[in-house]
Amino acid sequence: SIELLNNGTMVDYLYSSGAPTIRMLPLGTTEYTRENPANISWTQASPTSNRETMYQLEYSWGRGLWLPIGGLTNSTSKILDFGTLPGSAMQGADSKFRVRATNGFDTYYSESTSFSLPNQAPKLKLETSGALGLQSRWAEIGGTNTPITITQGESFSIKSKVSDDDWQPVNENGFSSVLKRNGETVWADGGNNNWRAPNRVVSWPGESSCVAGTEPTLQRHLLNCVFTFPNQDILPGEMTPGAYVFEMTYVDAGGASVTETVSFNIIDPGHITKGVLDEYRRNLVTTDSDVDLSMDELRYYVELERAARGDKDALSDAEIDKLREFYGISNSRASELNI
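Quick note, my numbering runs 324 ahead of the 1-based positions in the sequence shown.
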(Lines of atoms letter the chains of each structure in order from A and count residues from 1; the text may use other names and numbers.)
(Lines give C-alpha, C1' and ligand atoms only; values in the text may rest on other atoms or scores of the structure.)
Protein backbone atom coordinates (compact mmCIF):
# COMPACT_ATOMS: atom_id res chain seq x y z
CA SER A 1 0.00 0.00 0.00
CA ILE A 2 0.97 3.64 -0.41
CA GLU A 3 0.00 6.40 2.04
CA LEU A 4 0.16 10.17 1.59
CA LEU A 5 0.76 12.01 4.91
CA ASN A 6 0.57 15.68 5.84
CA ASN A 7 2.22 16.43 9.21
CA GLY A 8 1.58 12.87 10.28
CA THR A 9 -2.01 12.91 9.12
CA MET A 10 -2.95 10.57 6.30
CA VAL A 11 -4.70 12.47 3.52
CA ASP A 12 -4.83 9.71 0.92
CA TYR A 13 -3.79 6.12 0.43
CA LEU A 14 -3.64 3.42 -2.20
CA TYR A 15 -3.73 -0.26 -1.53
CA SER A 16 -3.91 -3.35 -3.69
CA SER A 17 -4.66 -6.91 -2.74
CA GLY A 18 -3.44 -8.22 -6.10
CA ALA A 19 -3.63 -7.74 -9.85
CA PRO A 20 -7.12 -7.14 -11.28
CA THR A 21 -7.67 -10.40 -13.13
CA ILE A 22 -9.62 -10.26 -16.39
CA ARG A 23 -10.18 -12.45 -19.43
CA MET A 24 -10.74 -11.47 -23.03
CA LEU A 25 -13.92 -12.97 -24.44
CA PRO A 26 -13.68 -15.10 -27.63
CA LEU A 27 -13.38 -13.10 -30.83
CA GLY A 28 -15.56 -15.51 -32.76
CA THR A 29 -13.39 -15.31 -35.88
CA THR A 30 -9.87 -15.94 -37.10
CA GLU A 31 -10.04 -13.38 -39.90
CA TYR A 32 -11.21 -9.77 -39.98
CA THR A 33 -11.88 -7.44 -42.90
CA ARG A 34 -11.21 -3.73 -43.02
CA GLU A 35 -14.78 -3.00 -44.08
CA ASN A 36 -16.44 -4.40 -40.94
CA PRO A 37 -15.61 -3.18 -37.41
CA ALA A 38 -14.65 -5.62 -34.67
CA ASN A 39 -16.61 -5.89 -31.43
CA ILE A 40 -14.09 -6.66 -28.67
CA SER A 41 -15.02 -7.31 -25.07
CA TRP A 42 -13.55 -8.64 -21.84
CA THR A 43 -14.67 -9.55 -18.35
CA GLN A 44 -15.03 -7.07 -15.52
CA ALA A 45 -12.23 -7.33 -12.96
CA SER A 46 -13.12 -7.96 -9.34
CA PRO A 47 -12.18 -5.05 -7.04
CA THR A 48 -8.63 -5.42 -5.77
CA SER A 49 -7.97 -1.84 -4.73
CA ASN A 50 -9.57 1.30 -3.39
CA ARG A 51 -9.14 2.73 -6.91
CA GLU A 52 -11.28 2.02 -9.95
CA THR A 53 -9.90 -0.57 -12.34
CA MET A 54 -9.11 0.93 -15.75
CA TYR A 55 -8.59 -0.90 -19.04
CA GLN A 56 -6.35 -0.26 -22.03
CA LEU A 57 -6.96 -2.07 -25.32
CA GLU A 58 -3.85 -2.79 -27.40
CA TYR A 59 -3.22 -4.30 -30.84
CA SER A 60 -0.27 -6.25 -32.24
CA TRP A 61 0.28 -7.32 -35.85
CA GLY A 62 2.84 -10.00 -35.03
CA ARG A 63 6.07 -8.01 -34.86
CA GLY A 64 6.52 -7.81 -31.10
CA LEU A 65 4.93 -4.35 -31.00
CA TRP A 66 1.77 -3.39 -29.16
CA LEU A 67 -0.13 -0.34 -30.35
CA PRO A 68 -2.50 1.36 -27.84
CA ILE A 69 -6.06 1.74 -29.14
CA GLY A 70 -7.62 4.79 -27.57
CA GLY A 71 -6.94 5.64 -23.93
CA LEU A 72 -7.65 4.18 -20.50
CA THR A 73 -11.33 3.45 -19.98
CA ASN A 74 -13.62 1.81 -17.43
CA SER A 75 -15.63 0.18 -20.22
CA THR A 76 -15.34 -3.55 -20.87
CA SER A 77 -15.93 -3.40 -24.62
CA LYS A 78 -14.73 -1.58 -27.70
CA ILE A 79 -15.98 -1.36 -31.28
CA LEU A 80 -12.88 -0.99 -33.43
CA ASP A 81 -12.69 0.19 -37.03
CA PHE A 82 -9.41 -1.21 -38.33
CA GLY A 83 -8.93 1.61 -40.85
CA THR A 84 -5.24 1.76 -41.76
CA LEU A 85 -3.95 -0.30 -38.83
CA PRO A 86 -1.02 -2.49 -39.92
CA GLY A 87 -2.05 -5.87 -41.28
CA SER A 88 -0.61 -9.31 -40.67
CA ALA A 89 -0.35 -10.72 -44.18
CA MET A 90 3.35 -11.59 -43.80
CA GLN A 91 4.02 -15.32 -43.56
CA GLY A 92 4.13 -16.47 -39.95
CA ALA A 93 2.69 -13.22 -38.61
CA ASP A 94 -0.53 -13.21 -36.58
CA SER A 95 -2.50 -10.33 -35.13
CA LYS A 96 -3.77 -10.24 -31.57
CA PHE A 97 -5.60 -7.98 -29.16
CA ARG A 98 -4.80 -7.70 -25.50
CA VAL A 99 -6.33 -5.78 -22.63
CA ARG A 100 -4.24 -4.29 -19.88
CA ALA A 101 -6.12 -3.89 -16.57
CA THR A 102 -4.62 -1.71 -13.85
CA ASN A 103 -5.72 -0.51 -10.45
CA GLY A 104 -2.93 2.03 -10.26
CA PHE A 105 -0.75 -0.39 -8.35
CA ASP A 106 -0.87 -3.77 -10.06
CA THR A 107 -1.40 -4.60 -13.73
CA TYR A 108 -2.75 -7.68 -15.48
CA TYR A 109 -2.79 -8.62 -19.18
CA SER A 110 -5.13 -10.87 -21.13
CA GLU A 111 -4.52 -11.70 -24.80
CA SER A 112 -7.00 -12.75 -27.46
CA THR A 113 -6.63 -15.62 -29.85
CA SER A 114 -4.76 -14.96 -33.11
CA PHE A 115 -6.44 -13.62 -36.24
CA SER A 116 -5.44 -12.25 -39.63
CA LEU A 117 -6.05 -8.81 -41.12
CA PRO A 118 -5.71 -8.18 -44.87
CA ASN A 119 -2.58 -6.57 -46.21
CA GLN A 120 -2.93 -3.01 -47.50
CA ALA A 121 -1.63 -1.78 -50.83
CA PRO A 122 1.45 0.42 -50.43
CA LYS A 123 1.36 4.09 -51.36
CA LEU A 124 3.39 5.57 -54.20
CA LYS A 125 3.92 9.25 -54.95
CA LEU A 126 5.81 10.60 -57.96
CA GLU A 127 7.43 14.03 -57.96
CA THR A 128 8.97 15.69 -61.01
CA SER A 129 11.52 18.44 -61.48
CA GLY A 130 13.58 19.96 -64.27
CA ALA A 131 11.89 20.34 -67.65
CA LEU A 132 8.71 18.64 -66.36
CA GLY A 133 8.33 21.28 -63.65
CA LEU A 134 7.79 20.81 -59.94
CA GLN A 135 4.84 18.48 -59.48
CA SER A 136 4.11 16.22 -56.53
CA ARG A 137 0.47 15.23 -57.16
CA TRP A 138 0.70 13.24 -60.39
CA ALA A 139 -1.73 10.67 -59.04
CA GLU A 140 -4.36 13.44 -58.95
CA ILE A 141 -3.41 15.97 -61.64
CA GLY A 142 -1.02 13.93 -63.78
CA GLY A 143 -1.11 10.45 -65.11
CA THR A 144 -2.19 9.76 -68.66
CA ASN A 145 -4.88 12.46 -68.71
CA THR A 146 -2.89 15.70 -68.59
CA PRO A 147 0.46 15.33 -70.38
CA ILE A 148 2.78 18.30 -70.65
CA THR A 149 5.22 19.11 -73.46
CA ILE A 150 9.00 19.43 -73.39
CA THR A 151 11.57 19.63 -76.17
CA GLN A 152 14.02 16.91 -77.14
CA GLY A 153 17.26 17.14 -75.17
CA GLU A 154 15.77 18.81 -72.07
CA SER A 155 16.60 17.01 -68.84
CA PHE A 156 14.24 16.15 -66.00
CA SER A 157 14.02 13.94 -62.93
CA ILE A 158 11.26 11.80 -61.48
CA LYS A 159 11.42 10.99 -57.78
CA SER A 160 9.33 8.25 -56.23
CA LYS A 161 8.36 7.84 -52.60
CA VAL A 162 6.94 4.51 -51.43
CA SER A 163 5.36 4.05 -48.00
CA ASP A 164 3.43 1.20 -46.43
CA ASP A 165 0.80 1.52 -43.70
CA ASP A 166 1.48 -2.11 -42.78
CA TRP A 167 4.97 -1.09 -41.62
CA GLN A 168 6.47 -3.87 -43.67
CA PRO A 169 10.19 -3.82 -44.46
CA VAL A 170 10.85 -2.29 -47.85
CA ASN A 171 10.93 -4.82 -50.67
CA GLU A 172 13.91 -3.33 -52.50
CA ASN A 173 13.47 -5.83 -55.33
CA GLY A 174 9.77 -5.12 -55.64
CA PHE A 175 9.85 -2.06 -57.86
CA SER A 176 9.99 -1.74 -61.62
CA SER A 177 9.96 1.32 -63.86
CA VAL A 178 9.46 1.64 -67.59
CA LEU A 179 9.48 4.53 -70.03
CA LYS A 180 7.28 4.09 -73.08
CA ARG A 181 7.17 6.11 -76.29
CA ASN A 182 3.95 5.79 -78.25
CA GLY A 183 3.18 2.63 -76.27
CA GLU A 184 6.53 0.94 -76.90
CA THR A 185 9.06 0.41 -74.08
CA VAL A 186 12.27 2.37 -74.69
CA TRP A 187 13.80 2.14 -71.19
CA ALA A 188 13.29 -0.03 -68.12
CA ASP A 189 14.77 -0.39 -64.66
CA GLY A 190 14.29 -2.57 -61.57
CA GLY A 191 12.79 -5.98 -60.95
CA ASN A 192 13.88 -8.47 -63.60
CA ASN A 193 14.40 -5.77 -66.23
CA ASN A 194 17.83 -5.59 -67.81
CA TRP A 195 17.50 -2.85 -70.41
CA ARG A 196 21.17 -1.95 -70.62
CA ALA A 197 22.47 -3.06 -74.02
CA PRO A 198 25.60 -5.26 -73.97
CA ASN A 199 28.88 -3.51 -74.75
CA ARG A 200 27.19 -0.12 -74.44
CA VAL A 201 29.89 2.36 -73.40
CA VAL A 202 28.79 5.95 -72.75
CA SER A 203 29.95 8.72 -70.46
CA TRP A 204 26.50 10.24 -69.94
CA PRO A 205 25.65 10.62 -66.21
CA GLY A 206 22.31 10.30 -64.49
CA GLU A 207 21.57 6.70 -63.61
CA SER A 208 18.79 5.90 -61.16
CA SER A 209 19.34 5.54 -57.43
CA CYS A 210 17.17 4.29 -54.56
CA VAL A 211 17.52 4.90 -50.83
CA ALA A 212 15.62 3.02 -48.12
CA GLY A 213 14.75 4.71 -44.82
CA THR A 214 12.07 5.24 -42.18
CA GLU A 215 9.72 8.02 -41.16
CA PRO A 216 11.00 9.46 -37.85
CA THR A 217 7.54 9.79 -36.30
CA LEU A 218 5.94 6.46 -37.21
CA GLN A 219 9.05 4.41 -38.07
CA ARG A 220 7.31 3.25 -41.24
CA HIS A 221 9.66 1.99 -43.90
CA LEU A 222 10.17 4.14 -47.00
CA LEU A 223 11.82 3.69 -50.37
CA ASN A 224 12.85 6.79 -52.31
CA CYS A 225 14.12 6.51 -55.89
CA VAL A 226 15.30 9.19 -58.31
CA PHE A 227 15.34 8.64 -62.07
CA THR A 228 17.06 11.21 -64.28
CA PHE A 229 16.51 11.52 -68.03
CA PRO A 230 18.36 11.49 -70.37
CA ASN A 231 20.79 9.01 -68.83
CA GLN A 232 23.46 6.51 -69.81
CA ASP A 233 20.86 4.02 -71.01
CA ILE A 234 18.77 6.43 -73.07
CA LEU A 235 20.71 9.35 -74.51
CA PRO A 236 19.25 12.71 -75.63
CA GLY A 237 19.29 11.65 -79.27
CA GLU A 238 17.37 8.47 -78.37
CA MET A 239 14.53 10.35 -76.69
CA THR A 240 12.96 11.23 -80.02
CA PRO A 241 9.65 13.13 -80.34
CA GLY A 242 6.54 11.26 -79.29
CA ALA A 243 4.05 10.63 -76.48
CA TYR A 244 5.86 9.32 -73.39
CA VAL A 245 4.61 7.58 -70.26
CA PHE A 246 6.84 6.87 -67.25
CA GLU A 247 5.28 4.06 -65.23
CA MET A 248 6.45 2.79 -61.85
CA THR A 249 5.07 -0.23 -60.01
CA TYR A 250 5.92 -1.33 -56.48
CA VAL A 251 5.00 -4.72 -54.98
CA ASP A 252 5.35 -5.03 -51.21
CA ALA A 253 6.51 -8.10 -49.30
CA GLY A 254 2.90 -9.21 -48.86
CA GLY A 255 2.17 -9.15 -52.60
CA ALA A 256 0.09 -5.95 -52.74
CA SER A 257 1.03 -3.54 -55.51
CA VAL A 258 0.55 0.07 -56.61
CA THR A 259 1.27 1.75 -59.96
CA GLU A 260 1.57 5.44 -60.85
CA THR A 261 2.39 7.19 -64.12
CA VAL A 262 3.74 10.49 -65.43
CA SER A 263 2.83 11.42 -69.00
CA PHE A 264 4.49 13.98 -71.23
CA ASN A 265 5.15 14.76 -74.87
CA ILE A 266 8.56 15.38 -76.42
CA ILE A 267 8.71 17.55 -79.53
CA ASP A 268 11.45 18.56 -81.95
CA PRO A 269 13.22 21.74 -80.73
CA GLY A 270 12.69 23.14 -84.22
CA HIS A 271 8.99 23.53 -83.52
CA ILE A 272 9.76 25.87 -80.64
CA THR A 273 12.58 27.65 -82.48
CA LYS A 274 10.42 28.37 -85.51
CA GLY A 275 7.65 29.79 -83.35
CA VAL A 276 10.08 32.06 -81.51
CA LEU A 277 11.62 33.26 -84.77
CA ASP A 278 8.22 33.92 -86.29
CA GLU A 279 7.29 36.00 -83.24
CA TYR A 280 10.63 37.84 -83.44
CA ARG A 281 10.00 38.52 -87.09
CA ARG A 282 6.53 39.92 -86.45
CA ASN A 283 7.87 42.16 -83.70
CA LEU A 284 10.41 43.66 -86.12
CA VAL A 285 7.65 44.85 -88.42
CA THR A 286 6.28 48.21 -87.24
CA THR A 287 3.74 50.61 -88.70
CA ASP A 288 6.43 53.02 -89.91
CA SER A 289 8.80 50.36 -91.28
CA ASP A 290 8.70 47.97 -94.18
CA VAL A 291 11.16 45.47 -92.65
CA ASP A 292 10.51 42.04 -94.09
CA LEU A 293 13.08 39.35 -93.34
CA SER A 294 13.26 35.87 -94.70
CA MET A 295 13.68 33.08 -92.14
CA ASP A 296 17.40 32.72 -92.99
CA GLU A 297 17.90 36.49 -92.70
CA LEU A 298 16.13 36.43 -89.36
CA ARG A 299 18.42 33.68 -88.06
CA TYR A 300 21.40 35.73 -89.21
CA TYR A 301 19.95 38.83 -87.53
CA VAL A 302 19.45 36.97 -84.25
CA GLU A 303 23.14 35.97 -84.24
CA LEU A 304 24.12 39.60 -84.91
CA GLU A 305 22.02 40.65 -81.90
CA ARG A 306 23.62 38.02 -79.67
CA ALA A 307 27.10 39.13 -80.73
CA ALA A 308 26.21 42.77 -80.10
CA ARG A 309 25.01 41.91 -76.59
CA GLY A 310 28.24 40.04 -75.91
CA ASP A 311 26.56 36.74 -75.06
CA LYS A 312 29.06 34.14 -73.86
CA ASP A 313 28.07 31.67 -76.57
CA ALA A 314 27.77 34.29 -79.34
CA LEU A 315 29.48 33.64 -82.68
CA SER A 316 32.75 35.34 -83.57
CA ASP A 317 32.97 37.79 -86.49
CA ALA A 318 34.51 35.08 -88.65
CA GLU A 319 31.76 32.63 -87.73
CA ILE A 320 29.09 35.22 -88.46
CA ASP A 321 30.61 35.83 -91.88
CA LYS A 322 30.58 32.09 -92.59
CA LEU A 323 26.94 32.01 -91.45
CA ARG A 324 26.16 34.81 -93.94
CA GLU A 325 27.72 32.81 -96.73
CA PHE A 326 25.88 29.66 -95.64
CA TYR A 327 22.52 31.46 -95.81
CA GLY A 328 23.43 33.09 -99.13
CA ILE A 329 23.07 36.66 -97.83
CA SER A 330 24.93 39.26 -99.89
CA ASN A 331 27.36 41.72 -98.32
CA SER A 332 25.07 44.62 -99.14
CA ARG A 333 22.07 42.90 -97.54
CA ALA A 334 24.20 41.99 -94.52
CA SER A 335 25.16 45.66 -94.18
CA GLU A 336 21.47 46.61 -94.17
CA LEU A 337 20.75 44.07 -91.45
CA ASN A 338 23.72 45.26 -89.42
CA ILE A 339 22.47 48.86 -89.21
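Positions of the beta carbon are idealized from the N, C-alpha and C atoms, including for glycine.
Model, not experiment: these values are computed from the prediction.
Counting along the chain, the unbroken alpha helix (DSSP H) around Met619 starts and ends at Met619 to Arg633. Contact between Ser453 and Ser481 holds, with the beta-carbon distance rounding to 5 Å and staying under 8 Å.
Looking at Lys402, Gln444 and Phe429, the one whose alpha-carbon comes closest to that of Ser341 is Phe429. For Ile644, DSSP records no beta bridge to any residue.
Counting along the chain, Leu338 sits inside the beta strand (DSSP E) bounded by residues Thr333 to Leu338. For the pair Thr585 and Val569, the CB atoms are nearer than the 7 Å cut-off. In the three-state reduction of the DSSP assignment, Arg375 falls in the coil class. Taking 7 Å as the cut-off, the beta carbon of Trp366 is found closer than this to the beta carbon of Thr400. 7 Å or more divides the Cβ of Met378 from the Cβ of Thr437.
Contact annotation: Gly578 and Asn443 have beta-carbon atoms nearer than 7 Å. Asn555 sits in a strand when the DSSP states are folded into three classes. Taking 7 Å as the cut-off, the Cβ atoms of Glu627 and Ile644 count as close.
Under the criterion of beta carbons closer than 8 Å, Glu621 and Leu661 qualify as touching, at roughly 6 Å.
Boundaries of the beta strand (DSSP E) around Ser484: Phe480 to Ser487. In the structure shown, the three-state DSSP call for Leu391 is strand. Around the beta carbon of Gln476, 16 or more other beta carbons lie within 10 angstroms, which makes this residue buried. Boundaries of the beta strand (DSSP E) harbouring Arg424: Lys420 to Thr426, taken from the DSSP string. Counted as a single uninterrupted DSSP element, the beta strand (DSSP E) harbouring Leu404 occupies residues Ser401 to Leu404. Shown here, Phe429 sits in coil according to DSSP, grouped into three states, outside any helix or strand. Sequence-distant Cβ neighbours of Ser325 in its own chain, meaning closer than 7 Å and more than five residues away, are Tyr337, Leu338 and Tyr339. Ranked by how close their Cα comes to the Cα of Gln556, the residues Thr583, Pro446, Trp511 and Asp576 have Trp511 in first place. About 7 Å separates the beta carbon of Ala362 from that of Phe406, a gap short enough to meet the 8 Å contact definition. Note: Trp511 is bridge-paired with Leu503 in the DSSP secondary-structure output.
The Cβ-Cβ distance between Pro392 and Glu382 falls below 7 Å. In the three-state reduction of the DSSP assignment, Gly566 falls in the strand class. Distances from the alpha-carbon of Thr583 to those of Leu329, Ala343, Ser484 and Asn497 put Ser484 closest. Non-local beta-carbon contacts of Ser434 in its own chain, meaning distances under 7 Å to residues more than five positions away in sequence, involve Ile346, Arg347, Met348, Trp366, Arg422 and Val423 in chain order. Nearest to Pro565 by alpha-carbon distance, out of Glu478, Asp635 and Thr431, is Glu478.
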